[in-house]
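Worksheet: the structure to be examined is printed underneath.
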Amino acid sequence: MRLDRLCLRNFRNYEALEAELDPGVNLILGENAQGKTNLLEAVYYLSTGHGFRTRKEAELLRFGGEFGELEGHITGHGREQTLRYLLFSGRKPRQLYLNGVKRKTQGEVAGTLTAVLFCPEDLLVLKAGAAARRRFLDQGLVQLRPRYEAALTEYNRILEQKSRILRDRFENPSLLQVLPEYSQRLCQVGALLISYRARFLRGLGQEATRFHREFSGGRETLEIPYRTVSTITDPFAPTATLEQQLLEHLEAHRTAELESAQCLTGPHKDDFDATLDGLSLKSYGSQGQTRTAAISLKLAQRELTRVDTGEEPVLLLDDVLSELDPGRQDFVLNQIQSGQVFITCCEPGRLTKAGKTIRIENGEIK
Ligand code: ATP
Ligand code: MG
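Each residue of the sequence shown is one higher than the last, beginning at 11 in our numbering.
Pasting the structure below:
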């Protein structure tokens, strides 16, 4: 899978950009705040339909711009395709086109361009709070399973509504009548999320273990066990069973939810652990071990995407190399021999294997 050509208008700090891209390594070079990450974000947007630093479309539109445009010419699954997004200021919703034909939802164009992003925050994911790991899980899954995104959106919508009921019921006690209905629905969709996440983590874990073992010279075994709602006995069980067990947990916390006016139970509290030879990385891991494990996790995500889609996803490396010592840099670079890669970098000369160097200055290619 590769992006052959990228055109931008009024995207972030790019007024107009047209770039022909290398099928191998594209090195994006420039001083701070010139638009390197913005360029990566544009590629990411073509792949996922949203930015990676914001969920707000308005922030992607160039300051003062009336409309913005992203167009990518993509080669994948043996054919060439064109993906185009139009963004508007104000309330007008964005439009998307695949090969010139207007499409309604992101789901209809999912998989046209697959990309895996690796940024410095990913190096911290194993030490960060659970929310960061859930985001990591969700981002990985959304790429692979278009239906997961729909389920996740639905779950968050019900969660939001249920939270509002719990908050507002002091003023409006009759709301309590509809509460069981929302709880039931939450468990139903929640069971689906757990099912997806368990499978994804199992696959990711297998690959990550392999990478980490290679990385550590065969010395360390990395595992990433799934931590979900405590009443779930087997996350691979049929969703009807998961739903039932989620309801049990909810029932046990019903009074607590009413008293705290918060949704206390469900996969929105999910997490995964990372252990080296059985010891929790979060509590015992050295900085180097934690970084190595995080890199293994990311490379595993790329591998999983490759196996699942049958194509090598585009790899977006934002500033990760500068965060790594030479040994780890080499490991990452050796792992990316194949496929298309975009790497941002501030210093020239860091990377010698680039097929193409794109110099960015103030939103323009020099
Ligand atoms: P660094 O090396 O520090 O990571 P960078 O080259 O990756 O820098 P970017 O994050 O790509 O920098 O670009 C940042 C610049 O883009 C900032 O100066 C910011 O003000 C500008 N910018 C971000 N969003 C918009 C927007 N919607 N319209 C115009 N400019 C924007
Ligand atoms: Mg940057």
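We treat Cβ as the ideally placed atom computed from N, Cα and C, and that holds for glycine. Since the model is a prediction, treat every value here as computed from it, not as a measurement.
Residue i: CB within 8 Å of a non-hydrogen atom of the ligand MG
{"i": "residue 64", "result": "no"}
{"i": "residue 329", "result": "yes"}
{"i": "residue 10", "result": "Not covered by the structure: residue 10. The range shown for the chain is 11 to 376."}
Sheet register partners of residue i (DSSP bridge)
{"i": "residue 128", "result": "327"}
{"i": "residue 83", "result": "15 and 92"}
{"i": "residue 237", "result": "281"}
{"i": "residue 355", "result": "39"}
{"i": "residue 290", "result": "285"}
{"i": "residue 21", "result": "24 and 71"}
{"i": "residue 366", "result": "36"}
{"i": "residue 77", "result": "98"}
{"i": "residue 375", "result": "370"}
{"i": "residue 29", "result": "16"}
{"i": "residue 232", "result": "286"}
Contact test: residue i Cβ vs the ligand MN heavy atom, cutoff 8 Å
{"i": "residue 59", "result": "As presented, the structure is devoid of the ligand MN, carrying the ligand ATP and the ligand MG as its sole ligands."}
Quiz item: Is it a yes or a no for the stretch 171-190 touching the stretch 222-238, going by three-plus beta-carbon pairs under 8 Å?
Solution: no
Practice problem: List in chain order: all unbroken beta strand (DSSP E) runs of 3+ residues lying wholly within the stretch 95-127. | Solution: 105-108 and 111-113
Quiz item: Between the stretch 16-28 and the stretch 41-55, do three or more beta carbon pairs fall short of 8 Å?
Solution: yes
Practice problem: For the ligand ATP, enumerate in chain order all residues having a CB closer than 5 Å to any of its heavy atoms. | Solution: 22, 23, 42, 43, 44, 45, 46, 47, 48, 72 and 73
Practice problem: Could I get the ranges of all uninterrupted alpha helix (DSSP H) runs contained in the stretch 130-210, with 4 residues as the minimum, in chain order? | Solution: 130-133, 140-154 and 156-178
Quiz item: Given 8 Å as the limit, is there contact between the stretch 134-153 and the stretch 278-298, that is, 3 or more CB pairs closer than that?
Solution: yes
Exercise. Say whether the stretch 305-319 touches the stretch 210-222, bearing in mind that this needs 3 or more beta-carbon pairs closer than 8 Å, one atom from each stretch.
Key: yes
Quiz prompt | Contact between the stretch 352-363 and the stretch 148-163 (3+ Cβ pairs under 8 Å) | solution = Three or more beta-carbon pairs separated by less than 8 Å are not found between the stretch 352-363 and the stretch 148-163, which leaves the two stretches without contact.
Exercise. Check whether the stretch 228-239 touches the stretch 174-190, counting contact only when three or more Cβ pairs, one atom from each stretch, lie closer than 8 Å.
Key: no
Quiz prompt | At least 3 beta-carbon pairs within less than 8 Å: the stretch 63-74 vs the stretch 92-105 | solution = yes
Quiz item: Below 8 Å, can you find three or more Cβ-Cβ pairs linking the stretch 205-215 to the stretch 257-266?
Solution: no
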